[in-house]
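S.K.: Residue numbers (full-length UniProt numbering): 1 to 135. Here it is: the structure, laid out below.
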């Protein structure tokens, strides 16, 4: 539902470069005007909320790692058109998305053990370097 609601939100992002550190803003009027939802009170409240501000701050930078939401929001319009005619395709897409979400939460049954490199054979027999003299 959120992927459908926020579809195309990236076209309403603007980078402000007049400050020493550039930051990204969301053009709410552009976003609402594109969808013809200028009078929609619910969407106004969602876009004014702190959670949406955090959403834009996290997903606004152009070069970041893409996740499941990005994949779904990129293909949601095509999927909705396919699913409107074929209920079997709808169930396949739901199962595929559920599988991706499950793998995201439970990636591997084996616990992660960080690898710590062992010292080389002659590491303990080396002559220690003296400290650099103070000048």
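Even for Gly, the Cβ is constructed at its ideal location relative to N, Cα and C. Just so you know, these numbers come straight off a predicted model, no measurement behind them.
1. Quick check: what's the CA-CA separation for residue 101 versus residue 72?
2. Give the DSSP-derived three-state secondary structure of residue 15 in the structure shown.
3. Looking at the secondary structure, which residues open and close the alpha helix (DSSP H) in which residue 134 lies?
4. Looking only at its own chain, which residues have a Cβ that is under 6 Å from the Cβ of residue 43, when we skip the five neighbours before and after it?
5. Could you tell me which residues DSSP puts in a beta bridge with residue 42?
6. So, helix, strand or coil for residue 25, using DSSP?
7. Taking residue 61 as the reference, give the member of 77, 103, 78, 10 with the closest Cα.
8. Under the rule that 16 or more other beta-carbon atoms within 10 Å means buried, what is residue 12, buried or exposed?
9. Could you compute how far the alpha carbon of residue 130 sits from the alpha carbon of residue 118?
10. For the alpha helix (DSSP H) containing residue 4, list its first residue and its last residue.
11. According to DSSP, simplified to helix, strand and coil, what is residue 108?
12. Let me confirm a value: residue 23 is counted as buried when at least 16 other C-beta atoms fall within 10 Å, else exposed. Which label applies?
M.R.: Walking through what the data contain:
1. 11 Å
2. strand
3. Segment: none, residue 134 is in no alpha helix (DSSP H) and carries neither H nor E.
4. 37
5. The partner list for residue 42 (beta bridge, DSSP) is empty, contrary to what the question assumes.
6. Residue 25 falls in the strand class under three-state DSSP.
7. 10
8. Burial state of residue 12 is buried, judged by a 10 Å Cβ sphere holding 16 or more other Cβ atoms.
9. 24 Å
10. Looking at the DSSP string, the run of the alpha helix (DSSP H) that includes residue 4 is 2-5.
11. coil
12. exposed
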